[in-house]
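Remarks on the structure that follows.
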């Protein structure tokens, strides 16, 4: 039986929603693709029509959350922010959207976004990285940072961002308040260093 | 290191050559703090201003610490103590949030214009109102976590830029949906917890030190300071105090104590009435008439005495930033974070020591109690004479018939000389509560000095102390 485009979209959606629920309750490692398929009401192998690996599925969820964060950041900007605040708010909006996935985000991000990850697993991480850095470049441009500097500092910034993400994943303080402080201090230092350089 | 700072350190840390190590630690610490880079950005400039303040306060504190490290201990213990002292000094140097606490010491010194070089005064004066700000995105997230919603959803209007600094955070103006203008004090995230942990670490480092009995007393004073810092991080305590103090001045149109709003407050967010008015410097630039200056000096003196004798609260932070002057004779009071609620034992001690002097024997007992020494322990005649001199200075305004001239710099200068002389001589042994009483006393005198105020202090003391149920 031929599956309509609409049915494919719906199946994909069910898979993602089921995965999200199971990852949140059981953790990433403990959740099997069989369980996801069963919860989504599809055959076991069907998942791989949409996502090559379980990690790819997880990154689709996480990537979607981070994209929401990007959109929120752009929507909520007042326009009078200084650079440190803009950088802070950008990361924070992503963390807000990522919060339901915090329990398993570390495992997934380590596989998909680590600089040491093997190439076939970096496509999803690569997309997230590109989208994030595109917004960062835009923010830096708003604050008059020259394009040549932007290219160089993007690598530096990405390392800093991964560090903050790693801290947040493991932050046991109430409502991850420590992450607010780490993020604030990190972005202030980064912005101050850029300001001195300019 | 600047010549002035070097001079200050040398003047304070005179001691025997045998006590070289702690002195080296002090010099080293001051040198490290002095070697911060020249500020190029606003953030760096704020840190360096605070560091100048910290240098001075740390100088005094380290001197007090060092002076407790004295005399008759064996070599092994001396080595052990040096290690602990170095660790304590090192920890102090990393506690950058303590710039708030050290600011308070500096604020005290700021009001004594003849004591410190002018350039220190100008730097320290700025510390009344400046602190590194939280930007709105951080603040919004924090308030959301504390109050459950973004501030722009809770209040009718909310100013995204702070209009004032607090020692552990900052203050924003907003309007409630009812129309009332409010001031919202918001603490920097994580400060409270950091202070608690660092205080514990500091006491852990200091606890094993074995010194003379005086050192045990000094450690209690440091413990007292840490406890007070922790108290300042709890805005619920401040809110409760705000209400108690407000009741003390109910019906008195001259004194405005802001109301607080519990529905918009937590341990780290405090919402209260916004008060307008001018701070002291601004008020003085309007060249107010002498009668108004005398009036305000008297009012500030009365407020302090009523809080103490009726409320049993020591307003230990009476610096210019905490008063708002109106040209119509009303005075607003701000910031009840740094107050000391006297325990029953401390109140009893206060009544005994600061009440009317009785017999010589009673007097000596009271003095020993204030120094926390047992009745059987001898105290040098010089020390007793020094404390008696201070008590005479302290009582002078309240025993003077007529208007006492607080604008006379000789009076304030003499008091400050007595305190610094006492520190130089090592007379640092004192009940911890005396530190707060001293801060209140000097703060009030310094404000009255700045106002050039003359008023009948004796009448105020007699009225307010006789109104106290238990004094």
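Protein chains in written order, with our numbering: chain U, 1 to 198; chain Z, 199 to 669.
Just so it is clear, CB atoms sit at the ideal spot from N, CA and C, and this is done for glycine as well.
Since we're looking at a predicted model, the values are computed, not measured.
For residue 63/U, the enclosing alpha helix (DSSP H) stretches over residues 54-76.
By the 16-neighbour rule on beta-carbons within 10 angstroms, residue 76/U is exposed. Within chain Z, no C-beta atom comes less than 7 Å from the C-beta of residue 136/U; the nearest is roughly 15 Å away. With its beta carbon less than 9 Å from one in chain U, residue 336/Z belongs to the interface.
Residue environment analysis places residue 377/Z among the exposed positions, since fewer than 16 neighbouring C-beta atoms fall within 10 angstroms of its C-beta.
The beta-carbon of residue 436/Z is placed no less than 9 Å from the nearest beta-carbon of chain U. For the segment 49-79 of chain U, the set of residues with a beta-carbon nearer than 9 Å to any beta-carbon of chain Z comprises 76, 78, in chain order. For residue 505/Z, the enclosing alpha helix (DSSP H) begins and ends at 488-507. Residue nearest to residue 648/Z within the set 332/Z, 579/Z, 604/Z, 493/Z is 604/Z (criterion: CA-CA distance).
Close to residue 82/U, with beta-carbon spacing below 8 Å, are these residues of chain Z in chain order: 333. Nearest CB-CB separation between residue 165/U and chain Z: not below the 9 Å threshold. DSSP places residue 638/Z within a helical segment (H, G or I) once states are collapsed to three.
Cβ-Cβ distances below 8 Å link residue 179/U to 95, 164, 167, 168, 171, 173 in the same chain, with the five nearest sequence neighbours on each side left out; the list follows chain order. Between the beta-carbon of residue 611/Z and that of residue 516/Z there is about 19 Å, and that puts the pair past the 8 Å contact cut. Around the beta carbon of residue 634/Z, 16 or more other beta carbons sit within 10 angstroms, so the residue counts as buried.
Contact between the segment 535-543 of chain Z and the segment 505-516 of chain Z is present: three or more C-beta pairs spanning the two stretches fall below 8 Å. The beta carbon of residue 638/Z is closer than 8 Å to those of 502, 506, 512, 513, 514, 516 in its chain, skipping five residues each way along the sequence. Between residue 194/U and residue 109/U, the C-beta spacing is not below 9 Å. In the three-state reduction of the DSSP assignment, residue 368/Z falls in the strand class, which pools E and B. By a beta-carbon distance limit of 8 Å, residue 88/U contacts residue 187/U. Their separation comes to about 5 Å. Annotation: Cβ neighbours of residue 340/Z in chain U (cutoff 7 Å, chain order): 180.
Per DSSP, the continuous beta strand (DSSP E) segment holding residue 531/Z begins and ends at 529-531. Per the DSSP secondary-structure output, residue 443/Z pairs with nothing in a beta bridge.
Within chain U, the residues 177, 178, 180, 181, 184 have their CB atoms less than 9 Å from the CB of residue 387/Z, given in chain order. Taking C-beta separations shorter than 6 Å and ignoring five residues to either side along the sequence, residue 131/U has no partners in its chain.
Interface with chain Z (9 Å Cβ-Cβ cutoff): residue 173/U is included. Between the beta-carbon of residue 372/Z and that of residue 356/Z there is about 4 Å, and that keeps the pair under the 8 Å contact cut.
Here DSSP, grouped into helix, strand and coil, assigns residue 386/Z to coil.
The residue from 57/U, 55/U, 86/U with its alpha-carbon nearest to that of residue 70/U is 86/U. Taking 9 Å as the CB threshold, residue 89/U lines the interface with chain Z. Residue 42/U carries a coil assignment under DSSP once its states are collapsed to helix, strand and coil.
In the three-state reduction of the DSSP assignment, residue 109/U falls in the helix class, which pools H, G and I. In terms of Cβ geometry, residue 655/Z and residue 596/Z form a close pair [threshold 9 Å].
Distance check between residue 530/Z and each of 593/Z, 488/Z, 471/Z places 471/Z closest, using alpha-carbon atoms only. In chain order, 175, 177 make up the part of chain U whose C-beta sits under 8 Å from the C-beta of residue 343/Z. Neighbours of residue 92/U in chain Z, taken as residues at a C-beta separation under 7 Å, are given in chain order as 335, 339.
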